[in-house]
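Peer 1: Line order of the protein sequences matches chains A and B. Those letters in the first sequence? Residues -19 to 615, per our numbering, in order. Those letters in the second sequence? Residues 8 to 449, per our numbering, in order. Built from N, CA and C at the ideal position, the CB exists for glycine as well. Here's a structure for you.
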Amino acid sequence: MEYAKIGLKVGLEIHQELETSHKLFCSCPPKLFKGPPEFIFTRLLRPSQSELGEIDPAALFEFLQGKMIIYEGDCETSCLVEMDEEPPHKLNEEALDTSLIVALMTDSNPVDEVHVMRKIVVDGSNTTGFQRTCVVSLGGSIKSGEKTYELEQICLEEDAARKIGDDASATRFRIDRLGIPLIEISTAPNIHDPKEAQEVAFAIGRILRSTGRVRRGLGTIRQDLNISVAGGAVIEIKGVQKLELISKVVEYETLRQLNLIEISSELQKRNIKDSDLQEEFIDVTELFRNTKSKIIKSATAKNQRVYALKLPGFSGLIGRELYPKRRLGTEMADRARFYGGVKGIFHTDELPGYDILEEEVRSLKDEVKASENDAVVIVAGEADECRNALSAVLKRAKEALQGVPAETRAANEDGTTFFTRPRPGAARMYPETDVISIPITSQRLESLRRLIPEPPEEKLKKLMKEYTLNEKLAKQILESDFQELFEKIVKEMNVSPTLVVVTLTETLKSIAREGCVVENITEKNLFEIFRLIGEGRMYKEAIYETLKWLSNNSEASPLEALKALNLETISREELRRIVELKISENKMMLEKLGEKALGPLIGILMKELRGKVSPDEIRNQLKSAITTFIKDRKE
Amino acid sequence: MMNEDVLRGYRGRLREKLGSEKIGIGDLIKVEYGEKSYEGILMPRLESADEFHIVIKLKTGYNVGIAFEEDMKIVRLKEAKKPTFKPPPLPESSSDLPEISIISTGGTIASRVDYATGGVHAAISSRDLLSIVPELSEIAKVEGDILFSVFSENIEPKDWSMMAKRVADKIKSGFEGIVITHGTDTMGYSAAALSFALSSLPVPVIFVGSQRSSDRPSSDAASNLIAAVSAAAQAPFAEVVLAMHETSSDDSIVFHRGTKVRKCHTSSRYAFQSVNSKPLARFRDRRIEMIEKNFRHRGGRELILRDKFNERVALLKFHPGFNPEIIDWAVDEGYKGIILEGTGLGHVSSKCYKSIERAIHEGLIICMTSQCIWGRINMNVYSTGRELINLGVTPLEDMLTETAFVKLTWALSQSNSREEALKLMATNLAGEFSHRTLYTWK
């Protein structure tokens, strides 16, 4: 696709947790807890009114539903500040230093005085109802490949509580993550290609990691993307957790917007106007009295209703694919779920189907007087849920006439996205008067300048030279979370740098692909594995299984892993004993094949001893044992 | 509001420069020096901040400070827009709901933020209140009334009198319940004061405050206010109480007796605790449930207003090394009574005996409470206690120190003699004593 032609514009907001001794506005350690919470409290957040008498519509909607917010916490990771029971303490200067270092590295202009703001967020992710955030520097640029990309600003802010559950009556959060310092780097919307967007994100990620002052592991870096195409709308996609996903998310969103624009022009061709879309919800429960559809049956069994809405001129468009596996119907279903609390919708573009029969579809169309060009959407649930859901579907249909509705979406792991809320109005911010402003002196900037790490390009060259790594491996370790650990290991231990890089990058990735939680493997254990290898107490063939086992046993040590996996090294004596045993078990083969028996016998032994002894050792011992055997035979 | 400083917080040369450019807070300005250039709305500066930075709100909504330079160029691009508040249409109250008066004395129980300048404006009229907490219209017909607007640390005994008088007026004109909004720091004192001043009370009087200011979405103000108005409208009791959060959660508000409540935490929502008693009632799931079985019921009795307080009462906390001359000073200054907050069961050092003896001889009333907060005074256990009793010190059972102080200021103004005042002090008038000390555990 020629992205320049369609006017693709992408802006990135990279959020990275910082490694500090304590949180941004209190002295709690930046840590998460496992296991059951020590305390629980429930709150309601009331959307506050602005001077203009306006309230965020999405926030108001959730508040009016009377949804409670349940917070879980423990005393090791949270205090009264996270509970919003005590005013914030002073801004963490260590976190400010790190942000300023990043600003200096990107030619971003530090402000003369930092002012902490409250940004209203009423989804419960902040106990206060706002996020504390401050601009540290303005402007700047970042190099990626041959190009330079403009930055808008760098902010320092507090991370939000983690959402751990959501149902109709309450949303559940853990407050441990709340208050961990986050740096936010925003680029200008000057990126015009999905791949470039991803590369810029990687470039920012490299700079952040090079400071050695950022947190690592899943969820410690998150991307928000602002994406638009000409004739579309700015869509904010939140919470992309992996850098590798960015180009796909951008590609999909581009397709989505282009197809929505196409649907809009098709509707215009069909001469459909806003006034054609009427709010008429028809109770069609009776038509499905004897239906085979499990979903409808289970609803009517609970005395719930089935309602229908006619969408004139929409036939064939609701089922049209916007991007892989997502249709306009999917977007309508998202809205129906959000505003109506129903499980989903059915529409005539996909019917008959889902055990709804042709005759049911026919009588449905008759009942709502739908012609060939019209589509019909049905939902099942309590009467008011159905009406809220269909009202939301109708609103989405009206937006389809216009093209792309501005909204906030969230990313799935496959790069697809779903509706989360209408795009809030201009961010409402007011000063956090409980935190005093901090002047940034030129002396402070000067002393921070001395802490600037070498730029990633220099570091790359150095890694290649110092550890004789090829460019691919050097890049791999530089872009991983483990550059520091790598250097520590190869400096202290007699192990091959290539083996260390491959283990810390490719091996970990491949066991992650198998579904293992690699975050459970501690740096201490990674270090320990190479210590054992360096001392000859473990063989590289055992690495893969050991890591897999440790990902399921985060508290255990590599030695315990080896024991559990029966991969403890064996002595030379023991190996000799096993080799002799194998020889006597396979006399027939040896007599037949002579020295050629070496290959098959190595196979047999490796199967049994893989990881417990080095393959070279097996080969050597076996070879001499075979020679002896043949010699004995001859004699 | 009329004479509001258009350059609030700015001082020195910077202020002169802004003034000479006719720039005021809220104006869109451009600041240029060297290669740097900023555009944004001029924001007020905090009183405590230095005089060398200009604060502007950028287009993104963020504030930043710019260091002032003599040769910097500052120009006004656009004059400030006066904030206009267009309240949403008011919900209709059903005409058969009880009529409730909300008397405001300060503290921002209801307010809205001006996002342009960050200013927080108190909402006090009933119209404002209802637009911010529309649920109130389903509970009662609400009238809003501003008595005064002060930080609660500035409230004085004469203000208790004003509050009591205003409540009496409201009751006379037919309101079926009264809510008083109050800053939390001294709300416990005011609640105790009105408990004594409003005797033979026919309707509930509910003090209410908030520990998180009402401009923030997580404020406890609205839930406390809803509970307070509900109690004023529906509660079966006719007592002076204080409505605040029971725990850190928003789902339960408790009503503490005005004479038994104390602020026990500097910042939490559950700061107020009933001491040596249980709360009177609880508001949960939109219902009021009584906890205490003995209480004064609503009824058609006539209110008796006793709204005088004698300010010449001292509250002295004893500590190791306490200088008894402080007591002598109070006597010389013409004080009429002293509450001694003693140690343990009710003790002060024997070094104080002489001064206490003299004070009582001069006609002062000296009462003893305990700095332990929880538990009851008993001055018969140790010889120190017995000697203090012999000197004429009055033990105040399990009464809160703060309540004892308020009660003594009130009792002195209600009596013609020392004996009469002492008799009042010893009589349980508003639940200030409980005769059984209950097991309290946390």
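Among the residues of its own chain, which have a CB less than 6 Å from the CB of residue 150 of chain A, if the five just before and after it don't count?
Peer 2: Counting only Cβ-Cβ distances below 6 Å, and skipping sequence neighbours, we find 48 and 50.
Peer 1: Give me, in chain order, the residues of the same chain whose beta-carbon lies closer than 7 Å to that of residue 556 of chain A; leave out the 5 immediate sequence neighbours on both sides.
Peer 2: Answer for residue 556 of chain A: 601, listed in chain order.
Peer 1: How far does the alpha helix (DSSP H) with residue 230 of chain A in it extend, from its first residue to its last?
Peer 2: Start and end: 226 to 249.
Peer 1: What residues of chain A sit near residue 40 of chain B, judged by a beta carbon separation below 9 Å?
Peer 2: Under the 9 Å cutoff, chain A gives no residues; its nearest Cβ is about 11 Å from residue 40 of chain B.
Peer 1: Return the chain-ordered list of same chain residues with a C-beta closer than 8 Å to the C-beta of residue 33 of chain A, the five sequence neighbours on each side being excluded.
Peer 2: Confidence at residue 33 of chain A is low in this model, with a pLDDT of 48, below 50, so its placement is unreliable and the value that follows should be read with caution. Around residue 33 of chain A: no qualifying Cβ.
Peer 1: What would DSSP say about residue 168 of chain A, mapped onto helix, strand or coil?
Peer 2: In this structure, residue 168 of chain A counts as coil in the three-state DSSP scheme.
Peer 1: Quick check on the DSSP output: what are the complete alpha helix (DSSP H) runs of length 4 or more inside the region 309 to 342 of chain B, in order along the chain?
Peer 2: Fully enclosed alpha helix (DSSP H) runs of 4 or longer: 332 to 339.
Peer 1: For the region 249 to 262 of chain B, enumerate the residues whose C-beta is nearer than 8 Å to any C-beta of chain A, in chain order.
Peer 2: Per Cβ criterion, the list reads 254, 255, 256, 257 and 258.
Peer 1: Within 8 Å (strictly less), CB to CB, does residue 100 of chain A reach chain B?
Peer 2: Output row for residue 100 of chain A: interface = yes.
Peer 1: Measure from the C-beta of residue 89 of chain A to each C-beta in chain B and report whether the shortest distance is under 8 Å.
Peer 2: Taking Cβ atoms only, chain B reaches closer than 8 Å to residue 89 of chain A, which makes this a yes.
Peer 1: For a contact defined as C-beta to C-beta under 9 Å, what are the partners of residue 158 of chain A on chain B?
Peer 2: Under the 9 Å cutoff, chain B gives no residues; its nearest Cβ is about 12 Å from residue 158 of chain A.
Peer 1: With 9 Å as the limit, tell me which residues of the region 107 to 132 of chain A have their beta carbon closer than that to any beta carbon of chain B; keep them in chain order.
Peer 2: From the region 107 to 132 of chain A, only 107, 108, 109, 110, 113, 114, 115, 118 and 132 have a Cβ closer than 9 Å to chain B.
Peer 1: May I ask which residues mark the beginning and end of the alpha helix (DSSP H) holding residue 316 of chain A?
Peer 2: Residues 308 to 320.
Peer 1: Buried or exposed: which applies to residue 306 of chain B, given that a residue is buried once 16 or more other Cβ atoms fall within 10 Å of its Cβ?
Peer 2: Residue 306 of chain B should be labelled exposed.
Peer 1: Can you tell which of B/22, B/240 and B/272 has its C-alpha closest to the C-alpha of residue 181 of chain B?
Peer 2: The residue with the shortest Cα to Cα distance from residue 181 of chain B is B/240.
Peer 1: Going along the chain, which residues of its own chain have a beta-carbon closer than 6 Å to the beta-carbon of residue 208 of chain A, five neighbours each way excluded?
Peer 2: If we look at residue 208 of chain A and ignore the five residues flanking it on each side, its Cβ neighbours are -11 and 214.
Peer 1: Cα separation between residue 218 of chain A and residue 294 of chain A?
Peer 2: Near 30 Å, if we compare the C-alpha coordinates of residue 294 of chain A and residue 218 of chain A.
Peer 1: Could you confirm whether any beta carbon from chain B is found closer than 8 Å to the beta carbon of residue 400 of chain A?
Peer 2: Chain B, which has no Cβ nearer than 8 Å to the Cβ of residue 400 of chain A, makes this no.
Peer 1: Residues of chain A with CB closer than 9 Å to the CB of residue 18 of chain B, please, in chain order.
Peer 2: In chain order: nothing, as chain A lies at least about 15 Å away.
Peer 1: Under a Cβ-count criterion, where at least 16 other Cβ atoms within 10 Å of its own Cβ denotes burial, should residue 452 of chain A be classed as buried or exposed?
Peer 2: Per the 10 Å Cβ criterion, exposed.
Peer 1: So residue 363 of chain B packs on residue 400 of chain B, CB below 8 Å; how close in whole Å?
Peer 2: Contact flag correct, Cβ pair sits at about 6 Å.
Peer 1: Please classify residue 141 of chain B as buried or exposed, where buried requires at least 16 other C-beta atoms within 10 Å of its C-beta.
Peer 2: With fewer than 16 other Cβ atoms within 10 Å, it is exposed.
Peer 1: Can you check whether the C-beta of residue -11 of chain A is within less than 8 Å of a C-beta belonging to chain B?
Peer 2: Not one chain B Cβ lies under 8 Å of residue -11 of chain A.
Peer 1: Compare the Cα-Cα distances from residue 80 of chain B to each of B/42, B/314 and B/54 and report the closest residue.
Peer 2: For residue 80 of chain B, the nearest C-alpha among the options comes from B/42.
Peer 1: Could you name the residues of the region 10 to 26 of chain A whose beta carbon sits closer than 9 Å to any beta carbon of chain B, in the order they occur along the chain?
Peer 2: Flagged, chain order: 19, 20, 21, 22, 23, 24, 25 and 26.
Peer 1: Identify which residue in B/49, B/437, B/32 and B/443 has its Cα closest to the Cα of residue 245 of chain B.
Peer 2: Among B/49, B/437, B/32 and B/443, the Cα nearest to that of residue 245 of chain B belongs to B/437.
Peer 1: Just to make sure I have the definition right: I need the residues of chain A whose C-beta is within less than 8 Å of the C-beta of residue 43 of chain B. Which are they?
Peer 2: Going along chain A in sequence order, the residues near residue 43 of chain B (Cβ under 8 Å) are 89.
Peer 1: Got a sec? Which residues, its chain only, sit under 8 Å from residue 347 of chain A by beta carbon, not counting five neighbours each side?
Peer 2: Cβ within range, chain order: 262, 264, 267 and 288.
Peer 1: Determine the burial state of residue 9 of chain B: buried for a count of at least 16 other Cβ atoms within 10 Å of its Cβ, exposed for fewer.
Peer 2: For residue 9 of chain B, the pLDDT reaches just 40, beneath the cut-off of 50, and the residue's location in the model is therefore unreliable, although a value from the coordinates is still provided. Looking at its Cβ environment, which holds fewer than 16 other Cβ atoms inside 10 Å, residue 9 of chain B is exposed.
Peer 1: Jot down the residue ranges of each uninterrupted alpha helix (DSSP H) in the region 267 to 307 of chain A, minimum 4 residues, whole runs only, in chain order.
Peer 2: With a minimum length of 4 residues, the continuous alpha helix (DSSP H) runs that stay inside the region 267 to 307 of chain A are 274 to 281.
Peer 1: Please list the partners that residue 219 of chain B has in chain A, where partner means a Cβ-to-Cβ separation under 7 Å.
Peer 2: Per Cβ cutoff of 7 Å: 64.
Peer 1: Return the chain-ordered ranges of every beta strand (DSSP E) run that is complete within the region 322 to 389 of chain A and spans a minimum of 3 residues.
Peer 2: The qualifying runs are 355 to 361.
Peer 1: So with Cβ pairs under 8 Å, would you call residue 92 of chain A a contact of chain B?
Peer 2: Interface residue, yes.
Peer 1: Could you tell me how far apart the beta carbons of residue 359 of chain B and residue 403 of chain B are, in whole angstroms, since I believe they sit closer than 8 Å?
Peer 2: About 17 Å separates the two Cβ atoms, so there is no contact after all.
Peer 1: With distances taken from CA atoms, which of A/543, A/581, A/563 and A/124 is nearest residue 608 of chain A?
Peer 2: Answer by Cα proximity: A/563.
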